[in-house]
Amino acid sequence: MTGPQFRPPLVVSNSDFRFIVAEQLQEVGIDPETILIEPESRNTGPAILAAALYLSNDDPDAVMLVSPSDHVISDVNAFHSAVEQGLPAVDKALLVTFGIRPTHAETAYGYLEIPEITNGQLAPLKRFVEKPDVNLATQMLKTGSFLWNSGIFLFSAKDIISAFQNHHPSLFSAVALAVRTSSVDLGFYRLGAKAWAEAEDISIDYSVMEKASNLMVVPFDGGWSDLGGWDALWRASQKDENGVHTSGEVVAINCSDSLIRSESEQVAVIGIGLDNIIVVGMNDAVLVADMSRAQDVKTAVNLLKARNVPQAITLPKDHRPWGWFESLAIGPRFQVKRIHVHAGASLSLQRHHHRAEHWIVVSGTAEVTLNGAAQLLSENESIYIPLGAIHRISNPGKVPMVLIEVQTGAYLGEDDIVRYEDNYARGSGARG
0 MTGPQFRPPL VVSNSDFRFI VAEQLQEVGI DPETILIEPE SRNTGPAILA
50 AALYLSNDDP DAVMLVSPSD HVISDVNAFH SAVEQGLPAV DKALLVTFGI
100 RPTHAETAYG YLEIPEITNG QLAPLKRFVE KPDVNLATQM LKTGSFLWNS
150 GIFLFSAKDI ISAFQNHHPS LFSAVALAVR TSSVDLGFYR LGAKAWAEAE
200 DISIDYSVME KASNLMVVPF DGGWSDLGGW DALWRASQKD ENGVHTSGEV
250 VAINCSDSLI RSESEQVAVI GIGLDNIIVV GMNDAVLVAD MSRAQDVKTA
300 VNLLKARNVP QAITLPKDHR PWGWFESLAI GPRFQVKRIH VHAGASLSLQ
350 RHHHRAEHWI VVSGTAEVTL NGAAQLLSEN ESIYIPLGAI HRISNPGKVP
400 MVLIEVQTGA YLGEDDIVRY EDNYARGSGA RG
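In numbering that gives the first Met the number 0, the protein residues as written are 0 to 431.
Pasting the structure below:
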């Protein structure tokens, strides 16, 4: 293989995070080739296959370096070298995965067994081992022939597509149809929802990797964490002399080996005498858990979803193409929101059937259009939007504009919107 020609990254994201992803990429100076939107979460198998099918439309030989977004690699140059070690295997139609030299008996990761661990040198995969209990993890660590399964892969688009066709043909059919029936949505590439719903919720390990015989492993020892749990974040974070990591409005008194965070400027978290504890305070929920039970957070979320608890399915901040909003207070027939509008951005020209609104600008300058008449509002100025009035708010300035919105009415749902004009081509009833 001659030197690879790099193309902009292709991103796969759930619909709820699409605007956050776009903003974060922009903040770090990355302009992606496109962002594929999953209508609903379907795990890594369908997501990776969708990306491969998208790339293969114009380049079946495209080489894919697949990585989750929440990994931290401290030695980037060493990782680049590991990728270069794997490229010759891709030339031979092999599928490459990266194994991390374990530092402790971790039970939250799967493992890869190879004949011998030599950092950076390709090795054939003997077998996958699912997430072990602590006794088995300790035994595997002692042998020196097991690596953590990083979930980072290297292969060509055509080879991984072929692997799905051979090992999981029903998944291939569903995802291929979702790609064929996809549509452009605000600059994103939204996969066909009906076909996507038929795709099995399954990881790439279960769907392909554990069945394929053409796998190779590149051992890597350059500092890695998947940040897949609060305990992993604690290990990767800076801590005080007592092993305590704090973030936000936090006070820690006589605590040790703990992670204590406040995710909201309105929530102060105080820890007293905590040892090996995770505490995360948010506007709408608080997590308290023993560090050893960090992986059980998923179980808790599933229980909340089964009870239809809103905190399990909605984010405190709702991101939109023009900025974001968060609910500060909700009660019978009223809701109070904080709305952040990016510089130069504009909400749609709209009206509501069931609610009136009162806007108070708290920072920046707002341009308000109300029934065809436009006016500027500065800090501490306000305006009333009667029920049924056609209105729009824009930020004509070069800094973010923030306002407080007080809604009153019989129905306050986000789908009570009739749009007349929209910079982002959204229809009536679409959220935001």
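Ideal Cβ placement from N, Cα and C applies to all residues, glycine included.
Task: Straight-line Cα distance separating Lys397 from Ala342 - done: Within the sequence shown, residue 342 is the residue found at index 343, counting from 1. Within the sequence shown, residue 397 is the residue found at index 398, counting from 1. C-alpha separation (whole angstroms): 5 Å.
Open item on the list: To test your reading of the DSSP string, which unbroken beta strand (DSSP E) runs of 3 or more residues are found completely within the stretch 387 to 423?
Closed with: If only uninterrupted beta strand (DSSP E) runs of at least 3 residues are considered, those enclosed by the stretch 387 to 423 are 390 to 393, 400 to 408, 417 to 420.
TODO: Give the DSSP-derived three-state secondary structure of Ala373 in the structure shown.
DONE: On the sequence shown, residue 373 is found 374 positions in, with the first residue counted as 1. Strand.
Task: Under the three-state DSSP convention, the category Ala223 falls into - done: As a working mapping, residue 223 is identified with position 224 in the sequence shown. Checking the sequence shown, residue 223 turns out to be Trp, not Ala. If DSSP states are grouped into helix, strand and coil, Trp223 belongs with the strands.
Open item on the list: Buried or exposed for Ile29, going by 16 or more other Cβ atoms inside 10 Å?
Closed with: The residue labelled residue 29 in the question sits at position 30 within the sequence shown. That one is exposed.
- [ ] Could you tell me how far apart the beta carbons of Val401 and Gly363 are, in whole angstroms, since I believe they sit closer than 8 Å?
- [x] Looking up residue 401 in the sequence shown gives position 402. Looking up residue 363 in the sequence shown gives position 364. Contact flag correct, Cβ pair sits at about 6 Å.
Open item on the list: Quick check: the Cα distance between His166 and Glu209, rounded to an integer number of angstroms?
Closed with: Numbered from 1 along the sequence shown, position 167 holds the residue referred to as residue 166. Numbered from 1 along the sequence shown, position 210 holds the residue referred to as residue 209. One C-alpha to the other measures close to 10 Å.
Task: Stretch pair the stretch 368 to 385 + the stretch 408 to 422: three plus CB contacts closer than 8 Å - done: In this structure the stretch 368 to 385 does not touch the stretch 408 to 422; the number of beta carbon pairs closer than 8 Å is below three.
- [ ] Consult DSSP for Met215 and reduce its assignment to one of helix, strand or coil.
- [x] The residue labelled residue 215 in the question sits at position 216 within the sequence shown. In the structure shown, the three-state DSSP call for Met215 is strand.
Open item on the list: Once the 5 residues before and after Phe145 are set aside, which same chain residues still bring their CB inside 6 Å of it?
Closed with: Numbered from its first residue, the sequence shown carries residue 145 at position 146. So the qualifying residues of the chain are Tyr110, Glu112, Met139.
Task: Where the beta strand (DSSP E) through Val62 begins and ends - done: Translated into positions along the sequence shown, residue 62 becomes position 63. For Val62, the uninterrupted beta strand (DSSP E) segment begins and ends at 62 to 65.
- [ ] Quick one: using the 10 Å Cβ neighbour count with 16 as the cut-off for buried, is Gln84 buried or exposed?
- [x] Position 85 of the sequence shown, counting from 1, holds the residue named residue 84. A residue is called buried once 16 or more other Cβ atoms fall within 10 Å of its Cβ, and Gln84 is buried on that count.
TODO: Ignoring anything shorter than 3 residues or poking outside the stretch 61 to 148, list the beta strand (DSSP E) runs there in chain order.
DONE: Segments of the beta strand (DSSP E) lying fully in the stretch 61 to 148: 62 to 65, 94 to 99, 110 to 112, 126 to 128.
- [ ] With a 10 Å radius around its C-beta and 16 neighbouring C-beta atoms as the bar for buried, classify Glu356 as buried or exposed.
- [x] In the sequence shown, counting from the first residue as 1, residue 356 sits at position 357. Only buried fits Glu356, as 16 or more other CB atoms lie within 10 angstroms of its CB.
TODO: Check whether the Cβ atoms of Asn282 and Pro320 sit closer than 8 Å, and answer yes or no.
DONE: By 1-based counting over the sequence shown, the position of residue 282 is 283. By 1-based counting over the sequence shown, the position of residue 320 is 321. Taking 8 Å as the Cβ cut-off, Asn282 and Pro320 do not qualify as a contacting pair.
Open item on the list: What does the Cβ neighbour count give for Arg430, buried or exposed, with the cut at 16 atoms within 10 Å?
Closed with: If you number the sequence shown from 1, residue 430 lands on position 431. Summary for Arg430: the model assigns pLDDT 48, below 50, so the residue's position carries little reliability; its value from the coordinates is reported in the next sentence. Around the beta carbon of Arg430, fewer than 16 other beta carbons sit within 10 angstroms, so the residue counts as exposed.
Open item on the list: Here's a check: name, in chain order, each residue in its chain whose Cβ is nearer than 6 Å to the Cβ of Asp421, leaving out the five neighbours to either side.
Closed with: Here residue 421 refers to the residue found at position 422 when the sequence shown is read from its first residue. Excluding positions up to five away in sequence, the list reads Ser347.
Task: Element boundaries [beta strand (DSSP E), containing Val249] - done: On the sequence shown, position 250 is the one that residue 249 refers to. Where Val249 is concerned, the enclosing beta strand (DSSP E) stretches over 249 to 252.
- [ ] Leaving out five residues on either side along the sequence, give the residues of the same chain with a beta carbon under 6 Å from the beta carbon of Val279.
- [x] Position 280 of the sequence shown, counted from the start, is the residue given in the question as residue 279. Arg260, Leu286, listed in sequence order.
Task: Closest residue to His353 among His79, Arg306, Asp415 (Cα-Cα distance) - done: Taking the sequence shown and counting its residues from 1, one reaches residue 353 at position 354. Among His79, Arg306, Asp415, the Cα nearest to that of His353 belongs to Asp415.
- [ ] Quick one: using the 10 Å Cβ neighbour count with 16 as the cut-off for buried, is Leu190 buried or exposed?
- [x] Position 191 of the sequence shown, counted from the first residue, corresponds to residue 190. With 16 or more other Cβ atoms from the protein chains shown falling within 10 Å of its own Cβ, Leu190 counts as buried.
- [ ] Ignore the nearest five residues each way along the sequence and tell me which others in Ile269's own chain have a CB closer than 6 Å to its CB.
- [x] As a position in the sequence shown, residue 269 is number 270, starting the count at 1. Correct list, in chain order: Val250.
Open item on the list: For a test of your reading of the model: does the CB of Ile19 fall under 7 Å from any non-hydrogen atom of the ligand MG? Yes or no.
Closed with: Ligands are entirely absent from the displayed structure, and the ligand MG is therefore not among its contents.
- [ ] Starting from Val340, follow its DSSP beta bridges and name the residues at the other end.
- [x] Counting from 1 along the sequence shown, the entry for residue 340 is found at position 341. In DSSP, Val340 forms a bridge with Gly322, Met400.
Open item on the list: Cutting at 7 Å between CB atoms, please list the residues of its own chain near Pro8, excluding the five before and the five after it.
Closed with: Walking along the sequence shown from the start, residue 8 turns up at place 9. Ile29, Pro31, Glu32.
Task: Separation of Ile392 from Ile36, as counted between CA atoms - done: The residue given as residue 36 occupies position 37 in the sequence shown. The residue given as residue 392 occupies position 393 in the sequence shown. About 28 Å.
Open item on the list: Using 8 Å as the threshold, is the C-beta distance between Val340 and Gly322 below it?
Closed with: Reading the sequence shown from its first residue, position 341 is the one you call residue 340. Reading the sequence shown from its first residue, position 323 is the one you call residue 322. In contact: Val340 and Gly322 (Cβ atoms closer than 8 Å).
Task: As assigned by DSSP and simplified to three states, the class of Ala292 - done: In the sequence shown, the residue the question calls residue 292 occupies position 293. Looking at the sequence itself, residue 292 is Arg, so the reference to Ala does not match. In the three-state DSSP reduction, Arg292 falls in the helix class (H, G or I).
TODO: May I ask you to list the residues that DSSP assigns as paired with Lys316?
DONE: For the purposes of this step, residue 316 is taken as residue 317 along the sequence shown, with counting starting at 1. Residue pairing by DSSP puts Lys316 in a beta bridge opposite Glu325.
Open item on the list: Under DSSP, the beta strand (DSSP E) around Thr245 begins and ends at which residues?
Closed with: Reading the sequence shown from its first residue, position 246 is the one you call residue 245. Element bounds for Thr245: 244 to 246.
Open item on the list: Measuring straight from C-alpha to C-alpha, what distance separates Gly428 and Val417?
Closed with: Residue mapping note: residue 428 aligns to position 429 of the sequence shown, counting from 1. Residue mapping note: residue 417 aligns to position 418 of the sequence shown, counting from 1. The pLDDT assigned to Gly428 is 47, lower than 50, so where the model puts this residue is not dependable; a value taken from the coordinates is nonetheless given after this. Cα to Cα, Gly428 sits roughly 6 Å from Val417.
Open item on the list: Quick check on Thr1: does DSSP put it in helix, strand or coil?
Closed with: Looking up residue 1 in the sequence shown gives position 2. Note on Thr1: pLDDT 47, under 50, position unreliable in the model; no value is reported.
Open item on the list: For a test of the three-state rule: what should DSSP assign to Val27, helix, strand or coil?
Closed with: In the sequence shown, residue 27 corresponds to position 28, counting from 1. In this structure, DSSP gives Val27 a state outside helix and strand, which the three-state scheme calls coil.
Task: Through-space distance from Ala267 to Phe324, alpha-carbon basis - done: Here residue 324 corresponds to residue number 325 of the sequence shown, with the count starting at 1. Here residue 267 corresponds to residue number 268 of the sequence shown, with the count starting at 1. Their Cα atoms are separated by approximately 21 Å.
Open item on the list: Mapping the DSSP letters down to three states, classify Thr43 as helix, strand or coil.
Closed with: For the purposes of this step, residue 43 is taken as residue 44 along the sequence shown, with counting starting at 1. Correct three-state label for Thr43: helix.
Open item on the list: Quick check on Thr33: does DSSP put it in helix, strand or coil?
Closed with: Reading the sequence shown from its first residue, position 34 is the one you call residue 33. Three-state DSSP puts Thr33 in a strand.
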